[in-house]
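Numbering (the working numbering), first residue to last: 141 to 308. Report on one structure; see the data block that follows.
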Amino acid sequence: GGSAGGFTTLCALTFRDFFTAGSRYYGVSDLDALARDTHKFESRYLDRLVGPLPEQKALYDQRSPIHFTDRLSAPLILFQGLEDKVVPPNQAENMFNAVKAKGLPVAYIAFEGEQHGFRQAKHIKQVLDNELFFYSRIFGFVPADSVETFPIANLKEWKKETRGNNMP
């Protein structure tokens, strides 16, 4: 999911046990950090959705996937524009580091010159190819066309642990 959909993806993977893997495009992982770090036009957005800070700080933390990565059990790929002022790159970087530390397969793909949403055709194609490659490695299939490969942290170790659980 992208933006709010990326937040929804992270929440679904963290607070529920329905999905086997997920992809997050420029989505929020930490609501409190978003309120602090986003640009001024988005800075009051969460006041209406969650409540004002600092009065609702506990609620911000309760709804932020970054604080509950211990509940996360699914591989994750994160895509982020490095010029994003709405959801700054630290949201993806912090989530990547937390998932990596947990030992789950995780990849982080960042794009120079992209903001909140990908506009350049080459990056849109790369995101789709990268997502396909990621899922091919997680689910054990071979893509019909060749796609760019990239490292997925913790993949080998995770595959060893999950082979007994009918994972590829």
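C-beta: ideal position from N, C-alpha, C; glycine also. Keep in mind it's a predicted model, so treat the numbers as computed, not measured.
Q.
Report the CB separation of Pro212 from Thr154 in whole angstroms; it is logged as a contact under 8 angstroms.
A. It is worth fixing the name first, because residue 212 is Leu in this sequence and not Pro. With 8 angstroms as the limit, Leu212 and Thr154 qualify as a contact, their Cβ atoms being about 5 angstroms apart.
Q.
Would Gly162 and Ala238 be called neighbours here (beta carbons separated by less than 8 angstroms)?
A. Contact: no.
Q.
Measuring CB atoms only, is the stretch 243-255 touching the stretch 189-202, in the sense that at least three cross pairs come out at less than 8 angstroms?
A. Not touching, per the Cβ criterion.
Q | Separation of Gly253 from His263, as counted between CA atoms | A | 10 angstroms
Q: Give the secondary structure of Ala161 by DSSP, where H, G and I count as helix, E and B as strand, and everything else as coil.
A: coil
Q: Go through its chain and collect everything with a Cβ distance to Tyr135's Cβ below 6 angstroms, but skip five positions before and after it.
A: No answer is possible for residue 135: it lies beyond the span of the chain, which begins at 141 and ends at 308.
Q | Nearest-angstrom Cα separation, counted from Lys240 out to Ala293 | A | Rounded to whole angstroms, the separation of the alpha carbons of Lys240 and Ala293 is 7 angstroms.
Q. So, is Glu286 buried or exposed, given that buried needs 16 or more other C-beta atoms within 10 angstroms?
A. At residue 286 the sequence reads Ser, which differs from the Glu that was named. Ser286 is exposed by the Cβ-count criterion.
Q) Applying the criterion that 16 or more other CB atoms from any shown protein chain within 10 Å of the CB defines a buried residue, is Glu221 buried or exposed? A) Glu is not the amino acid found at residue 221; the sequence shown has Gly there. Flag for Gly221 reads buried.
Q) Exposed or buried, which one is Val282 when buried takes at least 16 other CB atoms within 10 Å? A) exposed
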